[in-house]
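Q:
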Amino acid sequence: VQNISLGVGETITVETLGGLEPVPLANESFLMRGQVVRGPTNQVLVRFQSPSPANPGSFHFHFEAYLLSCVFPVRPAYGDVSVTSTHPGGQACFSCVVGYQLVGKPCLACLNATHPFWSSQEPTCIAACGGVIQNATTGRIVSPGFPANYSNNLTCHWVLEAPPGQRLHLHFEKVSLAEDDDR
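Its first residue numbered -19, the sequence shown is counted upward by one per residue in the working numbering.
Structure (structure tokens):
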């Protein structure tokens, strides 16, 4: 609202459309200079009524369309997220650090301009039970479920392969095996 000066008996209401019934957003008792009214849909009705005979009054509104967006996705623990845009049509792509596997869809799309949402749940990164790591230069291997304990009856194999001409140096940061797991 840039300016509002209504005469006696004049009314103005702002309602949102696009649902089953119009929903009031504001009226003359609520509207004042500098007031911002945002509609939750892409349609707004401004209704002005003046009595007969009309009393002198005026109002001046500025309107502007804006894009709704998806909530910025959460970066998974032990992973990362890269977002092209949070507006409909944008993408969020997820990855995990070495030693972790992505559970869920690697890329999500922001859908629906009226009520934006991501195309799937945000994925998580879990510690892998084995795997092949090629061109290994630096990284970490952790037990499945880390930092929690691993489950029973697991056999995990990791193959690490350094780039040609390089060798691997392994540094064990923490080893805490169950009583019968030291074979």
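Idealized CB from N, CA, C, for every residue including glycine. Here the structure is a predicted model, which is why all the values come from computation and not from measurement.
Determine the DSSP secondary structure at N167, reduced to helix, strand or coil.
A: Here the chain comprises residues numbered -19 to 163, so residue 167 is not present and cannot be evaluated.
Q: Are the CB atoms of C90 and P68 within a distance shorter than 7 Å?
A: In contact: P68 and C90 (Cβ atoms closer than 7 Å).
Q: Quick one: give me the first and last residue of the beta strand (DSSP E) that V83 is part of.
A: Segment Y80 to V83, the beta strand (DSSP E) holding V83.
Q: Give me the residue from T94, P4 and C73 with the minimum Cα distance to A45.
A: Of the listed residues, the one whose Cα sits closest to A45 is T94.
Q: Taking the straight line between their C-alpha atoms, what separation do you get for R55 and G70?
A: Distance between the alpha carbons of R55 and G70 is about 16 Å.
Q: Compare the beta carbon distance of P124 and A142 with 7 Å and say whether it is the shorter of the two.
A: Result no, Cβ atoms of P124 and A142 do not sit closer than 7 Å.
Q: Taking three-plus beta-carbon pairs below 8 Å as touching, is the region -17 to 0 in contact with the region 17 to 34?
A: Contact between the region -17 to 0 and the region 17 to 34 is present, because at least three Cβ pairs lie under 8 Å.
Q: Taking the CB atoms as reference points, tell me whether G110 and H151 lie closer together than 7 Å.
A: Not a contact, by the Cβ cut-off of 7 Å.
Q: First and last residue of the beta strand (DSSP E) that includes V61?
A: Element bounds for V61: G59 to V63.
Q: So, with DSSP's three-state summary, where would you put S75?
A: DSSP places S75 in strand when its eight states are reduced to three.
Q: My assumption, with CB atoms under 8 Å, is that E102 sits in contact with P53. Please give the rounded CB distance.
A: Between P53 and E102 the Cβ distance is about 5 Å, and since that is below 8 Å, they are a contact.
Q: Considering only residues of the same chain and omitting the five flanking positions on each side of V77, which have a CB-CB separation below 6 Å?
A: Contacts found: Y58.
Q: Can you tell me where the beta strand (DSSP E) holding T135 begins and where it ends?
A: Unbroken run through T135: none, as it is neither H nor E.
Q: Can you tell which of V63, E(-10), L82 and A6 has its C-alpha closest to the C-alpha of C73?
A: With distances taken between Cα atoms, C73 lies closest to V63.
Q: On a CA-only basis, which of S65, V122 and C105 is nearest F97? Give me that one, please.
A: Of the candidates S65, V122 and C105, the one whose C-alpha sits nearest the C-alpha of F97 is S65.
Q: What's the C-alpha gap between L148 and G19?
A: Roughly 59 Å separates the two Cα atoms.
Q: Between H40 and S75, what straight-line distance do the alpha-carbon atoms span, to the nearest angstrom?
A: Those two C-alpha atoms are separated by around 50 Å.
Q: Of the choices S32, L47 and V139, whose alpha-carbon is the least far from that of N115?
A: Nearest option by C-alpha distance: V139.
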